[in-house]
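Notes follow once the structure below has been shown.
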Amino acid sequence: MWTKSAPAGLLASAVIIFTLPSASNSNSQLSTKLAGLKKLSFNNLRRIDYVGVGLLLAASILLVFAFESAGIEYGWNSVTIIVTLILGFAIFMGFIIWEIWLQQRPDQIPEPIFPPRILKSRLMASMFAASFFLGFPFTSVVVNIPQRAQAVYAFSSQHAGVTLLPLLLASPLATVTSGLLTSNGKVPPVYLVTAGAVIQVVGMGLTCSLPTDTLNFPPQQYGFEIVMGIGFGLTLSTILTLAPLVADEKDLPVTMGALTQVRVLGGTFGLAIGATVLNDHVTSKLSTVLGPQELKTILDSLDSVKYLSPDQQDAVRVAFAEGFNRQNIVLTAFSAAAMFSCFGLWERRPRKTEKSRP
Numbered sequence: 000m001w002t003k004s005a006p007a008g009l010l011a012s013a014v015i016i017f018t019l020p021s022a023s024n025s026n027s028q029l030s031t032k033l034a035g036l037k038k039l040s041f042n043n044l045r046r047i048d049y050v051g052v053g054l055l056l057a058a059s060i061l062l063v064f065a066f067e068s069a070g071i072e073y074g075w076n077s078v079t080i081i082v083t084l085i086l087g088f089a090i091f092m093g094f095i096i097w098e099i100w101l102q103q104r105p106d107q108i109p110e111p112i113f114p115p116r117i118l119k120s121r122l123m124a125s126m127f128a129a130s131f132f133l134g135f136p137f138t139s140v141v142v143n144i145p146q147r148a149q150a151v152y153a154f155s156s157q158h159a160g161v162t163l164l165p166l167l168l169a170s171p172l173a174t175v176t177s178g179l180l181t182s183n184g185k186v187p188p189v190y191l192v193t194a195g196a197v198i199q200v201v202g203m204g205l206t207c208s209l210p211t212d213t214l215n216f217p218p219q220q221y222g223f224e225i226v227m228g229i230g231f232g233l234t235l236s237t238i239l240t241l242a243p244l245v246a247d248e249k250d251l252p253v254t255m256g257a258l259t260q261v262r263v264l265g266g267t268f269g270l271a272i273g274a275t276v277l278n279d280h281v282t283s284k285l286s287t288v289l290g291p292q293e294l295k296t297i298l299d300s301l302d303s304v305k306y307l308s309p310d311q312q313d314a315v316r317v318a319f320a321e322g323f324n325r326q327n328i329v330l331t332a333f334s335a336a337a338m339f340s341c342f343g344l345w346e347r348r349p350r351k352t353e354k355s356r357p
């Protein structure tokens, strides 16, 4: 996997370094190449919080590994899971302490990637909480919908991907609409973020009602996806337009980056928790139907279901259908947490975006 993602990541990094301007009001006439090289100067590189990046990455990897592996490869009470969880939380606490220490330094070099001062404001704290919880359902749904189509409805991988189209089409349309409303219509972003969060809860809640007693694809799922897509489109991008209205100018760059990182982190945890819920249910449900090796093979690859007997296939698909519905219940709870976090963004006079002059 890394052989494909690493080159793409390097290419994206190069594009950002050599094309993204250093500041919106920069009047520099430097060439693209010189501007990119200037970003890689020693003074700029020493501003990077390498220790903070390493601590956050290590904590995330350990915690995600523990949640994804518990109940499948290792038991919850196994030494591997317990030690991994303890180390993950300990390193995360170390990250917080390190960021507090960096913030208190007079020169603040390197610059903390997540200065705790940005959470002192109610609006900022609510915005980060909303971004974190919004990441849970979005990332999980994008993965779970095709997986459900393969595991429950016996779709091919290509056909399973097609079932995601209603959500993927509705989400960008809602994002474009949100942008027009906030910029041209002068609608306060908090209205759209809150409305999107409510719609998202409704959409996720509807998916909990998907039938588990039939192995035929339910057409109402497409409608549920459209509802969820509208919710995702109104929240995920619109909350970034709210950041410049709330954050201090000196904290705006790190705030924008941290909001995206927090959302991705929430999505990662959402996948791990969802996988644990699904696998625990499937394992307990099929323990009397399949042998340990057969069960492990199915959890590793859904394509292996077709090699089972017809009765076993039906049992597996029903178990997965119930497991995915349980996942959706958990994701609905996280969507509700995001919705309540959005309520913390409200003010007596909601802020509006100012249309920039040419």
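When we follow numbering that gives the first Met the number 0, the leftmost residue of the sequence shown carries the number 0, and every step to the right adds one. Don't be surprised by glycine CBs; every beta carbon is placed ideally from N, CA and C.
Residue 69 is bridged by DSSP to 73. The Cβ-Cβ distance between residue 258 and residue 239 falls below 8 Å. Around the beta-carbon of residue 315, 16 or more other beta-carbon atoms lie within 10 Å, marking it buried.
In this structure, DSSP gives residue 341 a helical state, which the three-state scheme calls helix.
For residue 147, the enclosing alpha helix (DSSP H) begins and ends at 121-150. Ranked by Cα distance from residue 331, the options 135, 291 and 141 are led by 135. A contact is defined here as three or more CB-CB pairs under 8 Å, and the segment 264-275 meets this definition with respect to the segment 134-153. Only residues of its own chain outside the window of five on either side were considered, and among them 140, 141, 144, 224, 225, 227, 228 and 231 have a CB closer than 8 Å to the CB of residue 166, listed in chain order. If one requires a minimum length of 4 residues, the alpha helix (DSSP H) runs lying completely within the segment 170-219 are 188-206, in chain order. Here residue 199 really is in contact with residue 234; their C-beta atoms are around 6 Å apart, less than 8 Å.
A straight line joining the alpha-carbon of residue 53 with that of residue 287 spans about 44 Å. Within its own chain, the residues whose Cβ lies closer than 8 Å to the Cβ of residue 181, once the five positions on either side in sequence are excluded, are 187, 188, 191, 237, 240, 351 and 352, listed in chain order.
Taking all protein chains in view, the Cβ of residue 329 is crowded by 16 or more other Cβ atoms within 10 Å, so the residue is classified as buried. The C-beta separation of residue 196 from residue 341 comes to about 4 Å, placing the pair in contact by the 8 Å criterion. No Cβ-Cβ contact shorter than 8 Å links residue 118 with residue 109. For residue 279, the enclosing alpha helix (DSSP H) begins and ends at 251-285.
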